[in-house]
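A.B. asks:
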Amino acid sequence: MNVLKVFFTISLCFAFISSMAQSENDAELAKHFYTNGEYGKSLAIYQKLYNSLNGNDLYFSEYYTTLLKLKKYDEAEKIINKKIKNNFKYGVDLGQLYLEKGETDKANKTFENVISKTPAVEFTITDIANSFYGIANFEFAIKTFLNGRRLLKDDNAFTYELINLYRYKKLKEPLTYEVVNLVENEASFLANAKNTISRAYESTEDYETLKSILFKKIQKNPQNINFINLLAWVFLQQKQYDLALVQLIALDRRLNDTGGSVYNFATILVENKAFETAEKAFNYLLNKPKNSPYYIASRIGILKCKNIQIINTPLNNENIKSLGSDYEKLLDEYGKNNQTIFALRDLANLEAFYLDNEERAIELLELSLNLPNVKLSDLAEIKLDLAHIYTLNNQPWDAALLYGQVEKSFEGDVLGQEAKFKNAKLSFYNGDFNWAKAQLDVLKASTSQLIANDALDLSLLIQDNLNSDSSGQALKMYAKADLLLFKNQYDIALLTLDSIGKLYPQTDLADDILMLKAQTYNKQKQYELAKENFLNLIANYSYSIWADDALFNLAVLEEEFLNDSTNAKIHFEKLINDYPGSLYVIEARKRFRNLRGDVL
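Using mature numbering (1 follows the signal peptide of the UniProt record, and there is no 0), the letters of the sequence shown map in sequence onto residues -21 to -1, 1 to 579.
Now the structure itself:
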């Protein structure tokens, strides 16, 4: 008897396993039919599977959806009404059926009925909202969560879920309220809040709404630093730099802070060329005690503002000497140490490239290398600066040695890759094209997209021109002109470039020459001549490796120096549309939208 029981039990197990396996096979077959649009075939299988489990949920969704696809609404309504008797949430599916039939009012009443029956249970509220989300009915998903707040008597419940829904539906005002309310209590959400807002907002009006809400919040709760932080960020997005600075200074004073936020903001202002406001920020920090952590950095920051403005306007020797004198005063006051490294580097750059005093520049940088407690990354930067000056001073072997040291010390790092690229460029200047190309081909896989792009461009330039001229004589003249541009010897560089076409009329360097001439005129602040060469390249060499570079540089030139936003916008858009794989597309899209005025 016991043996018979065991046998019977085993038989049942095998039968169950066999049944399950068959069900799985049937489900796969039904899915295959459904995916191929053969709904009649899939329906027969799903109906069998659903009935075999006595209406269990396992195959309900597939069976029900197939009925809707075949417009078997009566049959679908019949099975859904049976489900609703046991669980009211299936009213969501019934409402969807009414929508399929075009009975919108009936559907909405059914949806409202589901929400009205939802109990004050967080899990159930979320489950119902997810059911609405599953049928892409985001409006009723939102209503479910808002009703859930009322039921739970918690105005902060379901905040993250509502933010995602509002963002998807582009409901900016309620999204803004949710974000601000979350920021009020969670400082950790600030970064996410800024990201959410920047992705959702499309116009200045959106930011104005946020500002209005924040002002009201600050009036009610002036001690909440999260509101001030967010308001400062809003002003920054709108390029209202002075107003942003006012908020950050207020925040710094309220916290009795060291000025870190103000200093970081000042560096952003320098990057955005808002020098006047940047100097105000640095001066605020200079009014703190001299032993404060950002005091010396702010002194250097002010000099950097002055440096950029002087170098990027028609060069005036007296202004450059005055700037050099300011650096010397700073170094006399605070000494030459690891805290004044940036001043030493900036002064060396002025001496070498603008005051024709390479010996003084080398002296400053060699002194910097021997200072105590200098970070390894700073030492590498100093070596790169020194190598640049050795290149300028016709000492290629000394430059190559320093580039090699940095490459070895920072192998796999961007600094090491930059050194490798500069070393390859040095070989290019010297006419050792094959070795230069071998190094550039390695750098095409650089982790820095900018270095990888530059390496690819120079490698292709070498390859294309050696293929058409194995002697490389025209390319040697081009490399010489490129070196002269690096040395700021503009007139000789232009004369050399003009000579290439005359001496080697069959050269394939025509587009490369136009690009280098445009860059030379750009550095000379001869913007109309630069524009002329960019336009020539774009019109006649759209296939060139420099075409996207020319478009981007031309558009920036028009936007920043020629006050021609109309054409800048045209050229940014052309770059985005014609060269979607370009390194410049992201920045071009940002600038284009800013010029169009729809995104800040």
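Heads up, the beta-carbon is just placed ideally off N, CA and C, and yes, glycines get one too.
So, is Ala276 buried or exposed, given that buried needs 16 or more other C-beta atoms within 10 angstroms?
C.D. replies: Position 297 of the sequence shown, counted from the start, is the residue given in the question as residue 276. The residue in question, Ala276, is buried, as its Cβ has 16 or more Cβ neighbours within 10 Å.
A.B. asks: In terms of residue numbering, what span does the alpha helix (DSSP H) encompassing Trp212 cover?
C.D. replies: For this step, residue 212 is matched to residue 233 along the sequence shown. Run containing Trp212: Ile204 to Gln216, per the alpha helix (DSSP H) assignment.
A.B. asks: Please classify His11 as buried or exposed, where buried requires at least 16 other C-beta atoms within 10 Å of its C-beta.
C.D. replies: Here the question's residue 11 lines up with position 32 in the sequence shown. With fewer than 16 other Cβ atoms within 10 Å, it is exposed.
A.B. asks: When DSSP labels each residue in this structure, what does Thr256 get in the three-state scheme?
C.D. replies: Reading the sequence shown from its first residue, position 277 is the one you call residue 256. In this structure, Thr256 counts as helix in the three-state DSSP scheme.
A.B. asks: Report the three-state DSSP secondary structure of Gly127 (helix, strand or coil).
C.D. replies: Indexing the sequence shown from 1 puts residue 127 at position 148. Here Gly127 sits in helix by DSSP.
A.B. asks: Rounded to a whole number of angstroms, what is the C-alpha to C-alpha distance between Leu371 and Leu476?
C.D. replies: Indexing the sequence shown from 1 puts residue 371 at position 392. Indexing the sequence shown from 1 puts residue 476 at position 497. Going from the Cα of Leu371 to the Cα of Leu476 covers about 19 Å.
A.B. asks: I'd like to confirm something about Tyr263: is its beta-carbon nearer than 6 Å to some heavy atom of the ligand GDP, or not?
C.D. replies: For the structure depicted, the ligand GDP is absent and the ligand set is empty, with no information on it obtainable.
A.B. asks: Given a cut-off of 7 Å on the beta-carbon distance, is the pair Thr256 and Leu248 in contact?
C.D. replies: Looking up residue 256 in the sequence shown gives position 277. Looking up residue 248 in the sequence shown gives position 269. In this structure, Leu248 lies closer than 7 Å to Thr256 by Cβ.
A.B. asks: Taking only the alpha-carbon atoms, compute the straight-line gap between Asn208 and Gln226 and give it to the nearest angstrom.
C.D. replies: Residue 208 sits at position 229 when you count from the first residue of the sequence shown. Residue 226 sits at position 247 when you count from the first residue of the sequence shown. Computed Cα separation, rounded: 7 Å.
A.B. asks: DSSP three-state label for Pro268, please.
C.D. replies: Working through the sequence shown from its first residue, we reach residue 268 at position 289. DSSP places Pro268 in coil when its eight states are reduced to three.
A.B. asks: Is DSSP giving Trp414 helix, strand or coil here?
C.D. replies: Counting from 1 along the sequence shown, the entry for residue 414 is found at position 435. The answer is helix: DSSP assigns Trp414 an H, G or I state.
A.B. asks: Going by DSSP in three states, Gln396 sits in which element: helix, strand or coil?
C.D. replies: What you label residue 396 is simply residue 417 of the sequence shown in a count that begins at 1. In this structure, Gln396 counts as helix in the three-state DSSP scheme.
A.B. asks: Go through its chain and collect everything with a Cβ distance to Glu386's Cβ below 6 Å, but skip five positions before and after it.
C.D. replies: Here residue 386 is taken as the residue at index 407 of the sequence shown, counted from 1. Hits under 6 Å: Gly395, Ala398 and Lys399.
A.B. asks: Under a three-way DSSP split, which group does Trp525 fall into?
C.D. replies: As a working mapping, residue 525 is identified with position 546 in the sequence shown. Reduced to three states, the DSSP call for Trp525 is coil.
A.B. asks: Does the segment 168 to 188 touch the segment 210 to 218, meaning 3 or more C-beta pairs lie closer than 8 Å?
C.D. replies: In short, these stretches touch, since the Cβ pair count reaches three.
A.B. asks: Ignore the nearest five residues each way along the sequence and tell me which others in Val162's own chain have a CB closer than 8 Å to its CB.
C.D. replies: Working through the sequence shown from its first residue, we reach residue 162 at position 183. Answer for Val162: Phe168, Leu169, Ala172, Asn205, Phe206 and Leu209, listed in chain order.
A.B. asks: My guess is that Phe137 and Arg128 are in contact by the Cβ rule of under 8 Å, so how many angstroms apart are they, rounded?
C.D. replies: In the sequence shown, counting from the first residue as 1, residue 137 sits at position 158. In the sequence shown, counting from the first residue as 1, residue 128 sits at position 149. About 7 Å; that satisfies the 8 Å criterion.
A.B. asks: Compare the beta carbon distance of Leu309 and Ala327 with 7 Å and say whether it is the shorter of the two.
C.D. replies: Here residue 309 corresponds to residue number 330 of the sequence shown, with the count starting at 1. Here residue 327 corresponds to residue number 348 of the sequence shown, with the count starting at 1. No, they are not a contact pair.
A.B. asks: For Asn467, which of Thr486, Leu440, Glu91 and Lys504 has the nearest alpha-carbon?
C.D. replies: The residue labelled residue 467 in the question sits at position 488 within the sequence shown. Asn467 has its Cα closest to that of Lys504, out of Thr486, Leu440, Glu91 and Lys504.
A.B. asks: Here's the rule: buried if 16 or more other CB atoms are within 10 angstroms of the residue's CB, otherwise exposed. What is Thr123?
C.D. replies: Your numbering for residue 123 matches position 144 in the sequence shown. It counts as buried.
A.B. asks: Between the segment 479 to 493 and the segment 442 to 452, can you find at least three pairs of beta-carbon atoms closer than 8 Å?
C.D. replies: Yes: at least three Cβ pairs fall under 8 Å.
A.B. asks: Could you give the first and the last residue of the continuous alpha helix (DSSP H) run that contains Gln75?
C.D. replies: Locating residue 75 in the sequence shown gives position 96, where the first residue counts as 1. From DSSP, the alpha helix (DSSP H) with Gln75 extends over Gly70 to Glu79.
A.B. asks: Should Ala(-1) go down as buried or exposed, given a rule of 16 or more other Cβ atoms within 10 Å for buried?
C.D. replies: As a working mapping, residue -1 is identified with position 21 in the sequence shown. Low confidence applies to Ala(-1): its pLDDT is 46, below 50, so where it sits in the model is not reliable enough to give any reading.
A.B. asks: Apply the 10 Å Cβ neighbour rule to Asp72 and answer buried if 16 or more other Cβ atoms are within range, or exposed otherwise.
C.D. replies: For the purposes of this step, residue 72 is identified with residue 93 of the sequence shown, where counting begins at 1. Under this definition Asp72 is a buried residue.
A.B. asks: Under 7 Å between C-beta atoms, does Glu165 make it to chain C?
C.D. replies: You won't find chain C in this structure, because it holds only one protein chain.
A.B. asks: Which value, in whole angstroms, describes the spacing of the CA atoms of Thr155 and Phe531?
C.D. replies: As a position in the sequence shown, residue 155 is number 176, starting the count at 1. As a position in the sequence shown, residue 531 is number 552, starting the count at 1. Between Thr155 and Phe531, the C-alpha separation is close to 35 Å.
A.B. asks: Tell me which residue opens and which closes the alpha helix (DSSP H) that Pro375 is part of.
C.D. replies: Stepping through the sequence shown from its first residue, residue 375 is reached at position 396. Per DSSP, Pro375 belongs to the alpha helix (DSSP H) from Pro375 to Ser388.
A.B. asks: Say whether the segment 509 to 520 touches the segment 293 to 309, bearing in mind that this needs 3 or more beta-carbon pairs closer than 8 Å, one atom from each stretch.
C.D. replies: Not touching, per the Cβ criterion.
A.B. asks: Quick one: measure Cβ to Cβ for Tyr52 and Leu76, integer angstroms, because I've assumed they're closer than 8 Å.
C.D. replies: In the sequence shown, counting from the first residue as 1, residue 52 sits at position 73. In the sequence shown, counting from the first residue as 1, residue 76 sits at position 97. Contact flag correct, Cβ pair sits at about 6 Å.
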